[in-house]
Amino acid sequence: MLRSALLAAARSARCRTVVEHTPVMRPIVDRFIAGTTVDDAIRTAHLIAADRLVSLDHLGEEDTTDPDRAARNVEAYRIALRRLGDEGLATKVEVSVKLSALGMAVPADGDKIALENTREICVAAAAAGTIVTVDMEDHTMTDTTLSIVRELRADFPSTGVVLQAYLRRTEADCADLAYQGSRIRLCKGAYKEPASVAYQSKSEVDTSYVRCLRILMEGRGYPMVASHDSRMIRIAEELATRTNRSAEDFEFQMLYGVRPRTQREIAARGFRLRSYVPFGTEWYPYFMRRLAERPANLTFFLNSLVHQ
Ligand code: FAD
C-alpha cells in the first residue's frame with residue numbers, strides 16, 4: 170500500500186511542493202541525485218569512473234507535452250555529451266534517456282518527435298565516442314519504445330533498451346531481442362501497473378526476472394543486469410558461467426546511491442559494474458520511485474523529521 174501511495178505521490182504537484190520545500194529531505198535527495206547541473210554530473214562521473222562504468226540520465230520533465238521543453242532536454246544531453254568527449258570519459262560513460270521527456274507525450278506527433286530527438290542524442294553520443302540506452306516507462310509506452318529503438322538501431326546498432334521483468338510480455342520480448350549486439354538492460358520495473366499486464370507479487374516478479382535473465386544469457390546479445398538484489402546477482406553470475414560468458418560479455422548495473430559498497434565490491438571482483446547517475450532539476454518523480462522501492466528510505470526521512 171505504501172508503495173502505491175508513493176508512486177501516486179510521484180505524480181502529485183502538491184506532494185512535489187512539500188518534498189521540494191522540506192529542508193530535511195535534502196540529504197536523502199542528494200543520496201540518489203548527483204545534482205542539478207552538468208558540472209555536478211561530470212564531477213560525479215569522474216569520481217565513479219575511477220573503478221566503475223557510468224550511465225548519465227538527465228532528468229527532464231517526464232510526460233512533457235511541450236516540444237520546446239523536449240528540445241531543451243536534447244540540448245542538455247548535447248552539452249553533457251560534449252563534456253564527456255572533451256574530458257576523456259566517453260569510453261566509461263554512456264547516457265540513458267526517457268522518451269516521455271523527449272516529446273513522446275506531445276499530442277499528434279509525439280512518437281515522431283521522440284524518435285527525432287533521441288536520434289539527435291545518438292548523433293551527439295557517437296560524436297563524443299559513446300552510446301545511448303533508452304529507459305522503459307509505463308506499459309502504455311512499451312510497444313512504441315521498442316519500435317523507436319528498432320528504428321534507431323538501423324543507424325546506431327549499439328543503442329540499448331530496458332525490459333521490465335514485472336510485465337507478463339517480457340519473456341517474449343527478451344527472446345525477440347536476444348540477438349547479436351543487442352544491448353538489453355533487464356530490471357524488475359518501477360511503475361504501478363495493473364494485474365492484467367504485470368505480475369503483482371515480489372516472488373512472481375523475481376521468478377520472471379530469472380526466466381528473462383536465462384533467455385538473455387543464453388542468447389547472443391549483451392545482457393545488462395540492473396538489480397540490487399543479491400539473489401539476482403548471484404544467479405546472473407551462475408548463468409554467465411554456465412553460458413561461457415566472460416566478464417566482458419555482460420554487465421551489472423545499479424542506481425547511484427543504492428548499495429554503493431556492493432557496487433565497488435562487484436567491480437573489484439573483476440566484473441563490469443555500471444552506476445546509473447541521474448542529474449537535473451526535474452528530480453522529483455525519479456526520487457519518489459526510489460522511495461517507493463524501499464520504504465526504509467522513507468523511515469529514514471520520517472526519523473529525521475522527528476529528530477531535527
Ligand atoms: P528489489 O527486490 O526491489 O530490491 C532488492 C534490494 O535492493 C532491496 O532489499 C534493497 O536492499 C535494495 N534496494 C532496491 N531498491 C532500493 C532503493 N531505491 N533504495 C535503497 N535500497 C534499494 N525501472 C523501470 O521501470 N524502467 C527503467 O528504465 C529502469 N531503469 C533502471 C536502471 C538501472 C541501472 C537500475 C538498477 C534500475 C532501473 N529501474 C528501472 C528500476 C528497477 O525497475 C527497480 O525498480 C529497482 O532496481 C529495484 O529493484 P531491484 O532489482 O533492485 O530489487
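For the sequence shown, this note's numbering gives the first residue as 170, with consecutive numbering after it. By construction, the Cβ of each residue, glycine as well, lies at the ideal position given by its N, Cα and C atoms.
Bridge partners - residue i, DSSP secondary structure assignment
{"i": "residue 445", "result": "224, 424"}
{"i": "residue 457", "result": "Answer is none; residue 457 lacks a bridge partner."}
{"i": "residue 393", "result": "354, 420"}
{"i": "residue 302", "result": "265, 329"}
Close Cβ partners of residue i (< 6 Å) along its chain, the five nearest in sequence each way excluded
{"i": "residue 464", "result": "171"}
{"i": "residue 313", "result": "280"}
{"i": "residue 460", "result": "175, 466, 467"}
{"i": "residue 349", "result": "389"}
{"i": "residue 452", "result": "202, 228"}
{"i": "residue 473", "result": "For residue 473, the predicted model reports a pLDDT of 49, less than 50, meaning its position is unreliable; a value from the coordinates is still stated below. If we look at residue 473 and ignore the five residues flanking it on each side, its Cβ neighbours are 193."}
{"i": "residue 476", "result": "At residue 476 the pLDDT is 48, less than 50, meaning the model places this residue with poor confidence; the figure from the coordinates comes in the next sentence. So no residue of the chain qualifies."}
{"i": "residue 185", "result": "453"}
{"i": "residue 351", "result": "390"}
{"i": "residue 443", "result": "222, 224, 420, 422"}
{"i": "residue 182", "result": "none"}
{"i": "residue 325", "result": "291"}
{"i": "residue 234", "result": "274, 275"}
{"i": "residue 341", "result": "none"}
C-beta atoms of residue i and residue j nearer than 8 Å
{"i": "residue 223", "j": "residue 290", "result": "no"}
{"i": "residue 446", "j": "residue 210", "result": "yes"}
{"i": "residue 294", "j": "residue 336", "result": "no"}
{"i": "residue 498", "j": "residue 269", "result": "Outside the modelled stretch of the chain, which goes from 170 to 477, sits residue 498, for which no answer is possible."}
{"i": "residue 381", "j": "residue 410", "result": "no"}
{"i": "residue 393", "j": "residue 346", "result": "no"}
{"i": "residue 391", "j": "residue 418", "result": "yes"}
{"i": "residue 386", "j": "residue 178", "result": "no"}
{"i": "residue 359", "j": "residue 462", "result": "yes"}
{"i": "residue 374", "j": "residue 344", "result": "no"}
{"i": "residue 287", "j": "residue 248", "result": "no"}
{"i": "residue 254", "j": "residue 218", "result": "no"}
{"i": "residue 395", "j": "residue 221", "result": "no"}
{"i": "residue 245", "j": "residue 449", "result": "yes"}
{"i": "residue 400", "j": "residue 416", "result": "no"}
{"i": "residue 256", "j": "residue 284", "result": "no"}
Contacting residues, own chain, Cβ-Cβ under 8 Å from residue i (five flanking each side not counted)
{"i": "residue 282", "result": "236, 239, 271, 272, 273, 275"}
{"i": "residue 383", "result": "408"}
{"i": "residue 230", "result": "238, 242, 270, 451"}
{"i": "residue 306", "result": "231, 267, 268, 269, 314, 360"}
{"i": "residue 323", "result": "none"}
{"i": "residue 412", "result": "386, 387"}
{"i": "residue 180", "result": "454"}
Own chain residues within Cβ distance below 7 Å of residue i, not counting five before or after
{"i": "residue 370", "result": "none"}
{"i": "residue 252", "result": "207, 211"}
{"i": "residue 173", "result": "361"}
- Query: Residue ranges of each beta strand (DSSP E) run of no fewer than 3 residues wholly in the segment 218-273, ordered along the chain?
  - Reply: 222-227, 262-266
- Could I get the ranges of all uninterrupted beta strand (DSSP E) runs contained in the segment 318-390, with 3 residues as the minimum, in chain order? 329-333, 352-356
- Task: Decide yes or no for the touch test of the segment 256-268 against the segment 284-302: beta carbon pairs closer than 8 Å, at least 3 of them.
- Result: yes
- Query: Pairing CB atoms from the segment 427-443 with CB atoms from the segment 330-339, are three or more of them under 8 Å?
  - Reply: no
- Counting pairs of Cβ atoms below 8 Å between the segment 195-208 and the segment 411-422, do you hit three or more? no
- Message: Would the segment 361-368 count as touching the segment 394-414 if we require 3 or more Cβ pairs under 8 Å?
- Response: no
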